[in-house]
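Colleague: Residues in the sequence shown are numbered from 19 upward in steps of one, following the working numbering. Even glycine gets a Cβ: it sits at the ideal position worked out from N, Cα and C. Handing you this structure, nothing more for now.
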Amino acid sequence: MCFHSQHTANAQALKNRFKARFQEEIKFSPSNEVNGFTHPYLPIVTNEEPNALQLYQWGLLPQWAKDEKFQQNTLNAKLETIAEKPSFKAVEFQRCLIPATGFYEWKWLDGKGKSKEKYLIQVENSPIFCFAGLWSKWIDPLSGILRGTYTILTTEANPLMAEIHNSKKRMPVILDVSAEEEWLLGKNPPKITTQLIAESLEPPMQFSLF
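The following block contains the structure:
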């Protein structure tokens, strides 16, 4: 799964990369690591406004969600089941690009995950890459404020990620650069990059993921 990501590219680099204007640019700050369970607002590009970078909140809220607690379950969505799951089937074709510079995963070094090793995974020769995602707009029933939210799609791990994410053997869907526009504007399955590189960030240690 993908719950921790890296976003070190600044606003200008993102605007150059996507040839897009950046709405609410002043509210964005690059970060070496963000935790999805804090539900940060991060820049994405939607198929509704493909020429704009917009700040959406990580953790998709379907229109029928009663409150924001629902986001705890929707940081990720399995690519194989989005057409079946109530949380995602209504937004199956509300596609988005989620720019990142890396993501983090922990390799289990024992059967229960009490000892883990942290890795930073990036895309070779692509300082900024894109997760494939889905987006939604949700009206807060208490405040009436319209909130943009998103989820990151995941798929079966490739050999590299199966070795690292050896507990669940999943990985985020990372789009090949040549297929980003096709994913965003079309109805085709995503073309996933194979150019991942991984770096161990620390010796094995005892710690809690959350």
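At a cut of 8 Å, does the stretch 206-214 reach the stretch 190-197 through at least three beta carbon pairs?
Modeller: yes
Colleague: Based on Cα-Cα distance, which residue from Y59, E123, Q112 and E110 lies nearest to I139?
Modeller: The residue you call residue 139 lines up with position 121 of the sequence shown. When only C-alpha atoms are compared, the closest one is E123.
Colleague: Can you give the beta carbon distance from G151 to I116, rounded, assuming they're within the 8 Å contact cut?
Modeller: The residue labelled residue 151 in the question sits at position 133 within the sequence shown. The residue labelled residue 116 in the question sits at position 98 within the sequence shown. With 8 Å as the limit, G151 and I116 qualify as a contact, their Cβ atoms being about 5 Å apart.
Colleague: Less than 8 Å between the C-beta atoms of T169 and Q75, yes or no?
Modeller: Position 151 of the sequence shown, counting from 1, holds the residue named residue 169. Position 57 of the sequence shown, counting from 1, holds the residue named residue 75. Contact: no.
Colleague: Look at the alpha carbon of L178 and the alpha carbon of K155, and state the distance between them as a whole number of angstroms.
Modeller: Along the sequence shown, read from residue 1 onward, the residue named residue 178 stands at position 160. Along the sequence shown, read from residue 1 onward, the residue named residue 155 stands at position 137. Near 35 Å, if we compare the C-alpha coordinates of K155 and L178.
Colleague: Going by DSSP, what residues sit across from A211 in a beta bridge?
Modeller: The residue labelled residue 211 in the question sits at position 193 within the sequence shown. Checking the sequence shown, residue 211 turns out to be Thr, not Ala. Looking at the DSSP assignment, T211 forms no beta bridge with any residue, so it has no partner.
Colleague: Exposed or buried, P9, counting other C-beta atoms within 10 Å across all chains shown (16 or more means buried)?
Modeller: Because residue 9 is not part of the residues shown, which for the chain are 19 to 228, the question remains open.
Colleague: Quick one: what's got a C-beta closer than 6 Å to L219's C-beta in the same chain, skipping five residues either side?
Modeller: Position 201 of the sequence shown holds residue 219. Around L219: K136 and L138.
Colleague: Can you tell which of V52, N28 and S161 has the C-alpha that lies nearest to the C-alpha of I44?
Modeller: Walking along the sequence shown from the start, residue 44 turns up at place 26. Nearest option by C-alpha distance: N28.
Colleague: Among Q213, D128, L160 and L164, whose alpha-carbon lies nearest the alpha-carbon of S185?
Modeller: Counting from 1 along the sequence shown, the entry for residue 185 is found at position 167. Ranking the options by Cα distance to S185, first place goes to D128.
Colleague: From L214 to P48, what does the alpha carbon distance come to, in whole angstroms?
Modeller: Taking the first residue of the sequence shown as position 1, residue 214 is located at position 196. Taking the first residue of the sequence shown as position 1, residue 48 is located at position 30. Cα-Cα distance, rounded: 22 Å.
Colleague: Since I believe N50 is in contact with H22 (beta carbons under 8 Å), could you give me their beta-carbon distance rounded to a whole number of angstroms?
Modeller: Locating residue 22 in the sequence shown gives position 4, counting from the first residue. Locating residue 50 in the sequence shown gives position 32, counting from the first residue. Rounded, the Cβ-Cβ distance is 10 Å, inconsistent with contact.
Colleague: For Q224, count neighbouring Cβ atoms within 10 angstroms of its own Cβ and tell me buried if that reaches 16, exposed if not.
Modeller: Your numbering for residue 224 matches position 206 in the sequence shown. Any answer about Q224 is weak, because its pLDDT of 40 lies below 50 and its placement is not dependable; what the coordinates show is given next. Of the other Cβ atoms in all chains shown, fewer than 16 fall within 10 Å of the Cβ of Q224; this residue is therefore exposed.
Colleague: In terms of residue numbering, what span does the alpha helix (DSSP H) encompassing H36 cover?
Modeller: As a position in the sequence shown, residue 36 is number 18, starting the count at 1. The amino acid occupying residue 36 in the given sequence is Phe; His does not appear at that position. Where F36 is concerned, the enclosing alpha helix (DSSP H) stretches over A29 to F36.
Colleague: Indicate the three-state DSSP secondary structure (helix, strand or coil) for E102 in the structure shown.
Modeller: Walking along the sequence shown from the start, residue 102 turns up at place 84. Three-state DSSP puts E102 in coil, outside helix and strand.
Colleague: Hey, quick one: how far does the beta strand (DSSP E) through E67 stretch, first residue to last?
Modeller: The residue given as residue 67 occupies position 49 in the sequence shown. Counting along the chain, E67 falls outside any beta strand (DSSP E), and DSSP gives it neither H nor E.
Colleague: Quick one: residues in its chain with C-beta nearer than 7 Å to the C-beta of M19, no 5 flanking neighbours on either side, listed in chain order?
Modeller: For the purposes of this step, residue 19 is taken as the residue at position 1 of the sequence shown. Closer than 7 Å at the Cβ level, and outside the excluded window around M19, lie N94, T172, K186 and R188.
Colleague: Taking the beta strand (DSSP E) that A118 belongs to, which residues open and close that run?
Modeller: Residue numbering aside, residue 118 sits at position 100 when the sequence shown is read from its first letter. Its beta strand (DSSP E) spans residues R113 to A118.
Colleague: Please confirm whether P61 and L71 have their CB atoms less than 8 Å apart.
Modeller: As a working mapping, residue 61 is identified with position 43 in the sequence shown. As a working mapping, residue 71 is identified with position 53 in the sequence shown. Yes, the Cβ-Cβ distance between P61 and L71 is below 8 Å.
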